[in-house]
Amino acid sequence: MIWLSPTRLWLLLGVLGLAAGYALLQRRRSRYTVRFTNLRLLDRVAPQRPAWRRHVPAGLFLAMLALLVVGFARPTAEVRVPRERATVMVAVDVSTSMLAGDVEPDRLTAAKEAARRFVDGLPDEFNVGLVAFAGSAAVLVPPDTDREALDEGIDRLVEGATGVQGTAIGEAINTSLGAVKALDGEAAKDPPPARIVLLSDGANTSGMDPMEAATDAVAMDVPVHTIAFGTASGYVDRGGRPIQVPVDGQTLDEVARETGGQFHEADSAKELRAVYDDIGSSVGYRTKRQDVSARFIGLSLVFALGAAAGSMRWFSRLP
Numbered sequence: 001m002i003w004l005s006p007t008r009l010w011l012l013l014g015v016l017g018l019a020a021g022y023a024l025l026q027r028r029r030s031r032y033t034v035r036f037t038n039l040r041l042l043d044r045v046a047p048q049r050p051a052w053r054r055h056v057p058a059g060l061f062l063a064m065l066a067l068l069v070v071g072f073a074r075p076t077a078e079v080r081v082p083r084e085r086a087t088v089m090v091a092v093d094v095s096t097s098m099l100a101g102d103v104e105p106d107r108l109t110a111a112k113e114a115a116r117r118f119v120d121g122l123p124d125e126f127n128v129g130l131v132a133f134a135g136s137a138a139v140l141v142p143p144d145t146d147r148e149a150l151d152e153g154i155d156r157l158v159e160g161a162t163g164v165q166g167t168a169i170g171e172a173i174n175t176s177l178g179a180v181k182a183l184d185g186e187a188a189k190d191p192p193p194a195r196i197v198l199l200s201d202g203a204n205t206s207g208m209d210p211m212e213a214a215t216d217a218v219a220m221d222v223p224v225h226t227i228a229f230g231t232a233s234g235y236v237d238r239g240g241r242p243i244q245v246p247v248d249g250q251t252l253d254e255v256a257r258e259t260g261g262q263f264h265e266a267d268s269a270k271e272l273r274a275v276y277d278d279i280g281s282s283v284g285y286r287t288k289r290q291d292v293s294a295r296f297i298g299l300s301l302v303f304a305l306g307a308a309a310g311s312m313r314w315f316s317r318l319p
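Be aware that the sequence shown starts at 1, since it is given in the UniProt record's numbering, and climbs by one per residue.
This is how it looks when you write it as structure tokens:
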């Protein structure tokens, strides 16, 4: 924790002085009580009470003062806050290989469920768009805050949705960047903070070179987070003939490295959900140093109320 006005913490010495003075007064009071020899009269004028009660209000009062001093010194801490005017493009592979059943019930269905959960976890004010890609790429849902439209778009993620077979990772990135630039009237000249989250199970087989698209993403300062989803034993059934479709994440790894994003591998629906959760924590929020003095001042008020309540309850007076 960092204080903006650390010299004010010297006032804590005053609080320590009050604590020491209180302890000294209690010691003198104890000595005076011992010198009072008429114990029967002492019991009438000063009936015995649990010793700890009389110290509680004073302790709470001193704690209140200490917290007020700390708050007065203006402490700051790093807190997670939602990104402002942020845009997230979710790109999902819908090629035939995504029908492989190595992930229950199949890769594409698991990817859709995880994408829906990922979007639900983002701040409501985020603009979120959806891109489907196979041999080409298409924007299914332009970036917007309308989550119902996005949910319907995720339902439309089906094999062959783009009409061309293959895996066009570069086209998916390029299409996502285009959607970011078309967000509003300002986006073309002043693009908003944006991220692309791209899921696929294979290497690029058609369309634009992924590294060329990655260079464009770097120019727009848009990190691309990639997910290689599936296992090495995946296959699809075509007319009773199994076709091997092992996951290949090399291209996805290179794209993430080039753009400053994160590369993840997931071979189960559970792992994919965890990956999306991890990405969401970095995409949806940023760390910012803020003044947190209100925390200490608020807690000091609680202690002040406790001191007042204890004093009135046990001694019928305010401290």
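Even for Gly, the Cβ is constructed at its ideal location relative to N, Cα and C.
Counted within 10 angstroms of its Cβ, other Cβ atoms place residue i as buried (16 or more) or exposed
i    : result
L301 : exposed
M98  : buried
R27  : exposed
D201 : buried
G101 : exposed
R241 : exposed
A77  : exposed
T7   : exposed
L252 : buried
L198 : buried
D291 : exposed
R238 : exposed
S5   : exposed
Neighbourhood of residue i by C-beta, 7 Å cutoff - its chain only, sequence neighbours within 5 removed
i           : result
G306        : L60
V141        : G129, L130, A149, L150 and G153
A20         : none
residue 323 : This structure leaves residue 323 out entirely; the chain is present only between 1 and 319.
T96         : E159, Q165 and V236
A187        : V180 and K181
Nearest-angstrom Cβ-Cβ length linking residue i and residue j, presumed shorter than 8 Å
i    : j    : result
L9   : A73  : 5 Å
T167 : A134 : 7 Å
V255 : T231 : Between T231 and V255 the Cβ distance is about 21 Å, and since that is not below 8 Å, they are no contact.
L183 : P192 : 6 Å
V90  : A115 : 6 Å
L157 : V92  : 5 Å
V15  : T87  : At roughly 49 Å, the Cβ-Cβ gap does not stay under 8 Å, so V15 and T87 are not in contact.
F296 : P75  : 7 Å
Contact with chain B by residue i, beta-carbon distance below 8 Å
i    : result
E265 : Judged by its chain identifiers, the structure shown contains no chain B, having just a single protein chain.
DSSP beta-bridge partners of residue i
i    : result
N174 : In DSSP, N174 forms no bridge with anything.
H264 : I227
V141 : L130
I169 : For I169, which the question treats as bridged, DSSP gives no partner whatsoever.
Cβ shell of residue i (< 6 Å), same chain only, five flanking positions each side left out
i    : result
T259 : A214, A217, V218, P223 and V224
G207 : A168, G170 and E171
Own chain residues within Cβ distance below 8 Å of residue i, not counting five before or after
i    : result
H264 : H225, T226, I227, A228, V275, D278 and I279
Ordered list of beta strand (DSSP E) runs contained in the region 221 to 252, each at least 3 residues | The qualifying runs are 224 to 229, 235 to 238 and 241 to 244.
In the region 268 to 311, which residue ranges form an unbroken beta strand (DSSP E) of at least 3 residues, counting only runs that do not cross its ends? Here the runs fully enclosed are 285 to 291.
Next item on the list: Could I get the ranges of all uninterrupted alpha helix (DSSP H) runs contained in the region 195 to 222, with 4 residues as the minimum, in chain order?
Entry: Runs found: 210 to 219.
I'd like the ranges of any beta strand (DSSP E) spanning at least 3 consecutive residues and lying wholly in the region 65 to 135.
75 to 82, 87 to 93 and 127 to 133, all fully within the region 65 to 135.
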